[in-house]
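Following numbering that gives the first Met the number 0, the numbering of the sequence shown begins with 0 at its first residue and continues without gaps.
Just so it is clear, CB atoms sit at the ideal spot from N, CA and C, and this is done for glycine as well.
Report on one structure; see the data block that follows.
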Amino acid sequence: MKRFGACLAILLMCATANVVFAGDAAVFDDIGFSEDGLTYLFGQYGKTDGNFQAWAEIYTVDVVKNDYVPNEVYKTNPSSATEKQSGKTAYETLVKNCQWKTAKYKAKPASAATLLYICDSESKKGTDQIVFKDFEASTPTSSVYYYITLVPTFYGSGLDVRSSFYINVERRDQNGRVISQHKVGTPDIKRKGISNYKISRIFTDASGKSLVFVVEKTLVDSTGTSIRYMVETVRL
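Encoded structure:
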């Protein structure tokens, strides 16, 4: 699949390199799509900002249902037993321990060829519209573009905040005519303590039919502010 080329590949490598985060910020790991593109796996890990206890999580997602596969979410919760571990060590141990269940998917992470978008600016707002060209659908005489908008709703504020969101996905021709439209997400779910959402990456499987939105969540609680990740998926 044609995408953004060498510059984007370099940007992707910089963005996915191991980084030391300030505060309790998770590290996202793109485990990848199953061979048929119908299942997506990802992980995240870190250390709590206070008692410095390592934690790790792995999620298995049914792309069509946009929901977790039953009994295939794996977690190492922060505890006194993980205080001397790094988040990465806790994650690597979790990956090894559940490999007997995840290996069947033969998951492969996204490559520069299937990456559609990556947020390259901390100043970018979660509600800012994302626009990029659909190279697969475009021709030398007619261009097609994706228009992506995250639409959040917030209830309350501070430690009492609850929130929900959905992602509006439109494909338009060069004249602005809407070719297709999808409403991705679960706006009926109100998440406690989440004060902000921002799309950090968008990519597809090798066929281009399964689309994943990696969403960065800002969690506020009595210990401070944390960053966590979730995904929304759609089968085009």
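Assigned secondary structure, residue i (DSSP; H/G/I helix, E/B strand, else coil)
i	result
D159	helix
K182	strand
K216	strand
T59	strand
N96	helix
G192	coil
K107	strand
S225	strand
Buried or exposed (CB count within 10 angstroms, at least 16 for buried), residue i
i	result
W99	exposed
G49	exposed
I188	exposed
T232	buried
C13	Residue placement at C13 is flagged as unreliable, the pLDDT there being 37, under the threshold of 50; the coordinate-derived value follows with that caveat. It counts as exposed.
V72	exposed
8 Å contact criterion, which residue i and residue j should meet: CB distance rounded
i	j	result
V230	I178	Between I178 and V230 the Cβ distance is about 24 Å, and since that is not below 8 Å, they are no contact.
R176	Y145	Rounded, the Cβ-Cβ distance is 14 Å, inconsistent with contact.
Contact under 8 Å by Cβ, residue i with residue j
i	j	result
S206	L37	no
V68	Y44	no
R161	K191	yes
K46	G86	yes
L149	Y196	yes
Inter-residue Cα distance where the pair is residue i and residue j
i	j	result
D29	S110	10 Å
I201	R234	13 Å
T59	T140	40 Å
A106	K95	14 Å
F212	A24	19 Å
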